[in-house]
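J.: One structure, as structure tokens, below. Some questions next.
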Amino acid sequence: MTHHVIIGAGEAGLRAAAALRDAGERHVTLVGGEHMPSYDRPALSKPDGETGLFHRPIAVDLAGLEVVLGRTAKGIDRETKAVILTTGERLAYDRLLLATGARPRRLACDPAGHALMLRTLGDAEAIYGKADAGGSAILVGAGLIGLELAAELTRRGMTVRVLEAGPRALGRGVPAEIADVIVSRHRRSGVTFDFDVRIERVEHKSVVLADGARIEADLVVAAVGIEPEVGLAVSAGLACANGIEVNSRLVTSDPSIFAAGDCAVIDHPRYGRTRFETWRNACDQGAHAAKAMLGEAASFETLPWFWSDHFDLGLQAVGLHDPSRRSARRDLADGGWLRFELDENHVLQAAAGIGPGTSVARDIRLAEKLIERGAFCAPEALADPGLGLKSLLKVAA
Amino acid sequence: MGTWTRACATDDVELEDLLRFDHGGRSFLVIRSPEDEFFCIDGICTHERVHLADGLVMDGIIECPKHNAHFDYKTGEATRAPACINLKSWPVKVENGDVFVEI
Chain V
1 MTHHVIIGAG EAGLRAAAAL RDAGERHVTL VGGEHMPSYD RPALSKPDGE
51 TGLFHRPIAV DLAGLEVVLG RTAKGIDRET KAVILTTGER LAYDRLLLAT
101 GARPRRLACD PAGHALMLRT LGDAEAIYGK ADAGGSAILV GAGLIGLELA
151 AELTRRGMTV RVLEAGPRAL GRGVPAEIAD VIVSRHRRSG VTFDFDVRIE
201 RVEHKSVVLA DGARIEADLV VAAVGIEPEV GLAVSAGLAC ANGIEVNSRL
251 VTSDPSIFAA GDCAVIDHPR YGRTRFETWR NACDQGAHAA KAMLGEAASF
301 ETLPWFWSDH FDLGLQAVGL HDPSRRSARR DLADGGWLRF ELDENHVLQA
351 AAGIGPGTSV ARDIRLAEKL IERGAFCAPE ALADPGLGLK SLLKVAA
Chain A
1 MGTWTRACAT DDVELEDLLR FDHGGRSFLV IRSPEDEFFC IDGICTHERV
51 HLADGLVMDG IIECPKHNAH FDYKTGEATR APACINLKSW PVKVENGDVF
101 VEI
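Written out as structure tokens, the structure is:
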């Protein structure tokens with residue numbers, strides 16, 4: 001009888017647990033550090049546009065699983081194959097999955113932690129609890145989470161100013177032309193941006209810049225990326241470098257221990273050593289880890305994909321953006337457009353789209369299938385809105 | 001028994017594609033299979049309140065444009081997480097070039 005233990009009850013851990021149960025495994029223990037059932041993390045920065053609802057429990061059937069909430073693991077005894085919980089309990093395992101996620105990166109100039117950060121439901125409650133209409137907010141960091149929060153705080157009636165250390169918004173992973181569209185949309189709703197900003201220190205309700213200027217605000221939020229939760233893995237002697245190192249099957253340096261989601265840096269067949277920080281990656285790696293724990297030998301090959309919402313605009317992207325690649329642009333009827341990236345052999349490598357709501361979703365999904373198939377695509381064909389991507393896929397098949 | 005309601009002309013929907021059809025405050029999708037059969041399912045994803053009309057229709061599946069949930073468009077069955085509740089499917093008939101749905 002195989003005992004499966006999963007540390008972390010976010011998307012990756014949940015999906016793995018449910019997949020193991022669905023495969024007929026009878027002894028699956030899921031350990032979650034928070035004192036509540038799992039919830040949808042994307043909704044924390046992308047609340048419902050009408051109601052502002054940001055707490056959405058994940059509807060997963062937990063029947064047949066042993067779920068332990070409000071307790072975390074403090075150690076792994078690899079010799080005897082047991083996880084030691086902070087309460088002292090020992091959980092014996094045959095297969096262990098680490099789905100420990102990540103924590104928000106703290107600003108070096110804010111050691112006291114004046115700036116709020118967003119990762120958990122409690123974080124979101126703290127931020128939105130101070131998001132009073134008519135108030136002012138400073139967002140440090142013009143990444144996806146920072147700008148999603150800027151849109152939501154604006155929707156709640158705040159005056160929002162974004163401070164970014166880099167020369168532009170969304171500098172990691174989003175093409176500059178698409179980032180420009182998103183920034184313009186924010187400006188149209190009154191959000192202001194300062195780039196190449198150096199912050200000296202964060203104080204209570206204010207930010208002091210390197211040039212001495214002080215900016216006051218009712219709410220200061222820092223959104224400057226995440227760091228993988230590797231403490232448990234490091235203390236157990238597992239190989240870690242910017243995440244828990246796993247091979248293409250999600251196996252760590254210990255063949256009985258696996259890792260998936262935000263915490264895992266995978267040897268991806270297409271990209272090499274990469275750590276993905278997206279919702280879908282957590283879902284897909286969680287499901288894949290379950291198969292690997294049951295002995296399946298397949299590599300995890302899924303392409304990275306994400307979406308991000310900004311007021312009425314939706315961004316979707318698939319593949320990893322590389323600004324040095326040749327690109328092609330396709331304009332869509334509703335004002336949205338798609339940007340494709342090709343390698344020197346005209347093989348599609350990445351695509352991103354921006355448009356009203358979910359209007360680019362279908363084409364980005366088709367682009368994903370084209371990338372998966374290694375399809376050759378003439379830039380002229382990609383740029384022609386009269387030529388359906390589905391027809392290109394049929395040619396490629 | 002519901003009422004047979006005209007949704008669209010058959011020519012309004014391309015092969016392996018969909019058309020959103022709103023009726024009585026409710027959203028539906030009329031989907032035409034590659035085999036030229038017509039189906040009708042609810043137009044809002046059962047996972048969140050996302051309109052499925054921007055989703056991809058392919059290989060017998062309609063995919064949610066936001067969270068990649070899959071539904072069998074012939075039956076409405078949810079076949080991939082995060083959706084776990086089936087979409088309601090509605091009877092369809094084609095008469096004289098028009099698609100009717102029994103709502």
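One line per chain: the protein sequences are V and A, in this order.
Residue numbers for the first sequence follow the working numbering, so the first one is 1 and each next one is one higher.
Residue numbers for the second sequence follow the working numbering, so the first one is 1 and each next one is one higher.
Ideal placement from N, C-alpha and C gives every residue a C-beta, glycine not left out.
1) For chain V, find out if any of its Cβ atoms is closer than 8 Å to the Cβ of G43 (chain A); answer yes or no.
2) Rounded to whole angstroms, what's the CA-CA distance from Y93 (chain V) to V265 (chain V)? Just pull it up for me.
3) Are the Cβ atoms of V351 (chain V) and E341 (chain V) separated by less than 8 Å?
4) Does the segment 105-122 of chain V touch the segment 201-208 of chain V, meaning 3 or more C-beta pairs lie closer than 8 Å?
5) Using a Cβ-Cβ cutoff of 9 Å, what residues of the segment 342-359 of chain V are near chain A? List them in chain order.
6) In the structure shown, what three-state DSSP assignment does C40 (chain A) receive?
7) Anything in chain A within Cβ reach of C377 (chain V), meaning under 9 Å, just list it in chain order.
8) Find the residues of chain A that neighbour L366 (chain V), judging by a C-beta separation of less than 9 Å, and give them in chain order.
9) Counting beta carbon pairs with one atom in the segment 170-180 of chain V and one in the segment 250-269 of chain V, are three or more of them shorter than 8 Å?
10) Of the choices V:L315, V:R339, V:H346 and V:G173, whose alpha-carbon is the least far from that of P65 (chain A)?
11) Please work out which residues of its chain come closer than 7 Å, Cβ to Cβ, to E368 (chain V), disregarding the five sequence neighbours upstream and downstream, and give them in chain order.
12) Counting only C-beta atoms, is R373 (chain V) closer than 8 Å to chain A at any point?
13) In terms of DSSP beta bridges, what is P356 (chain V) paired with?
14) Please return the same chain residues whose Cβ sits closer than 7 Å to the Cβ of H47 (chain A), not counting the five positions on each side in sequence.
15) By the criterion of Cβ-Cβ separation under 7 Å, what are the contact partners of K74 (chain A) in chain V?
16) Which of the three DSSP states, helix, strand or coil, is assigned to H288 (chain V)?
17) Out of curiosity, what's the CA-to-CA distance linking D363 (chain V) and L382 (chain V)?
18) Can you tell me whether DSSP reads D331 (chain V) as helix, strand or coil?
19) One question on the structure: do I76 (chain V) and L118 (chain V) come within less than 8 Å of each other, judged by their Cβ atoms?
20) Mapping DSSP to helix, strand and coil, what is E380 (chain V)?
21) Tell me, please, whether the CB atom of A12 (chain V) is closer than 8 Å to any CB atom in chain A?
22) For the beta strand (DSSP E) containing V31 (chain V), list its first residue and its last residue.
23) Need the endpoints of the beta strand (DSSP E) that H321 (chain V) sits in, please.
24) Cutting at 7 Å between CB atoms, please list the residues of its own chain near T100 (chain V), excluding the five before and the five after it.
25) If we ignore side chains and look at the alpha-carbon of each, how far apart do P167 (chain V) and R198 (chain V) end up?
26) Taking the alpha-carbon positions, what's the Y73 (chain A) to A287 (chain V) distance?
27) Any idea what DSSP makes of L69 (chain V), helix, strand or coil?
28) Assuming the contact rule is C-beta atoms closer than 8 Å, M293 (chain V) and L97 (chain V) should be a hit. Round their C-beta distance to whole Å, please.
29) What's the C-alpha gap between H321 (chain V) and T5 (chain A)?
T.: According to the data block:
1) no
2) So the alpha carbons of these two residues sit roughly 23 Å apart.
3) Contrary to the premise, residue 351 (chain V) reads as Ala rather than Val in this sequence. Cβ atoms of A351 (chain V) and E341 (chain V): closer than 8 Å.
4) yes
5) G357, T358 and S359
6) strand
7) Under the 9 Å cutoff, chain A gives no residues; its nearest Cβ is about 18 Å from C377 (chain V).
8) L56 and M58
9) Two segments are said to touch when three or more pairs of C-beta atoms, one from each, lie closer than 8 Å; by this definition the segment 250-269 of chain V does not touch the segment 170-180 of chain V.
10) V:L315
11) Take E368 (chain V), set aside five residues on each side of it, and the residues of its chain with a beta-carbon closer than 7 Å to its own are L303, W305 and V318, in chain order.
12) no
13) P356 (chain V) pairs with V:L313.
14) Once the five neighbours on either side are set aside, the close Cβ partners of H47 (chain A) are C64, H67, A69, P82 and A83.
15) None at all; the shortest Cβ gap to chain V is about 19 Å.
16) It is helical.
17) 11 Å
18) strand
19) no
20) helix
21) By this cut-off, A12 (chain V) is not an interface position.
22) V28 to G32
23) That residue, H321 (chain V), is in no beta strand (DSSP E); it is neither H nor E in DSSP.
24) I7, G8, E229, L232 and C263
25) 11 Å
26) 24 Å
27) strand
28) 6 Å
29) 47 Å
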